[in-house]
Amino acid sequence: MTKIEPMRLSKRMAELKMCSRREADHYIEQGWVRVNGVVAVLGQKVVPTDRIDLDKIAHQQQAQRVTILLNKPVGFVSGQPEKDYRAAIELITADNHWDGDYSKIPFSIKQLKGLAPAGRLDIDSVGLLVLTQDGRIAKQLIGEHSDSEKEYLVRVKGNLTENGLALLNHGLSLDGEKLRPAKVEWQNEDQLRFVLKQGKKRQIRRMCELVGLRVVGLKRIRIGKVKLGALPVGQWRYLGANERF
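Count along the sequence shown from 1, then add 4; that gives the number in the numbering used here.
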């Protein structure tokens, strides 16, 4: 019989999608986690048969966390600000809140605390960027085992090499690692549609270079089930209560 090895409680909570590991440690410190009815302690280990319960206070905190969808313009970096460039989070202001937002969530400056991008979008790319306070969503979108699709419209120039389209779909390697299968097809004579399930740095641009193409425009239009839709460039909205990635 295979022996079941105990794992850290925080890792198990993240595995169960209750929260992120960092959030789990915070909840444990606050005394908001019980294992088999007993208040948990930091560093505690559990097995899959253990029952883990979160206090209602932790659930209330999670419910108050926001996830924001931004239509990022060119010239803004996704994460920390860089020399001569602004960070995308600077666009999350009351003035830039899209008036077509149907979530009815009121904007508060407190929502910027802990708000972080769940995935990258290059400085010279535009489209859907997700910023969230919710570790569960971040894990779903950019965690080690994330399987969320990201869809892009990509304008290109150049001459596609023989069998290039097939290679874009599956067969290319970057950084010494074979890429996961993608879905790539022509939309018109100078635009490709990419659907990826991974996000290496400048992946699409580098993929195109390997098959004789140069990217001149890149726009992300979907992450999972959530689409960019009519959200204007430079504006943002909240992820609605009924929306799921």
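Virtual Cβ for every residue (Gly too), placed ideally from N, Cα, C.
Asked, Found
"Closest by CA to C212, which one among V158, Q191, Q65?", "V158"
"Output the boundary residues of the beta strand (DSSP E) element that contains I4.", "It is not possible to answer for residue 4, since the shown part of the chain is limited to 5 through 249."
"Under a Cβ-count criterion, where at least 16 other Cβ atoms within 10 Å of its own Cβ denotes burial, should L20 be classed as buried or exposed?", "exposed"
"Just the Cα atoms here: how many angstroms apart are L73 and I127?", "17 Å"
"Answer yes if the region 234-248 comes into contact with the region 100-108, meaning at least three C-beta pairs across the two stretches below 8 Å, and no otherwise.", "yes"
"Going by DSSP, what residue range makes up the alpha helix (DSSP H) through K143?", "139-146"
"Could you tell me the alpha carbon to alpha carbon distance between R55 and G175, rounded to whole angstroms?", "44 Å"
"Using a threshold of 8 Å, state whether the C-beta atoms of L125 and K76 are closer than that.", "yes"
"So for Y106, helix, strand or coil by DSSP?", "coil"
"Enumerate, from N- to C-terminal direction, the unbroken beta strand (DSSP E) stretches of 3 or more residues contained entirely within the region 56-134.", "56-58, 71-76"
"Near L58, what residues of its chain come up, given a Cβ to Cβ distance below 7 Å and the 5 sequence neighbours on each side ignored?", "M22, Y31, W36, V37"
"If you reduce the DSSP assignment to three classes, tell me which class G180 lands in.", "coil"
"According to DSSP, which residues form a beta bridge with Y156?", "F198, R224"
"Would DSSP call E33 helix, strand or coil?", "helix"
"Start and end of the alpha helix (DSSP H) containing E19?", "13-19"
"State the Cα-Cα distance for the pair G147 and G221, rounded to the nearest angstrom.", "27 Å"
"Just how far apart, CA to CA, sit P136 and G79?", "Contrary to the premise, residue 136 reads as Thr rather than Pro in this sequence. So the alpha carbons of these two residues sit roughly 21 Å apart."
"Does DSSP put R248 in a helix, a strand or coil?", "coil"
"Are at least three pairs of beta-carbons, each pair with one atom in the region 177-196 and one in the region 84-95, less than 8 Å apart?", "no"
"Reducing DSSP to helix, strand and coil, say where L169 ends up.", "helix"
"Roughly how many whole angstroms lie between the Cα atoms of P10 and A44?", "15 Å"
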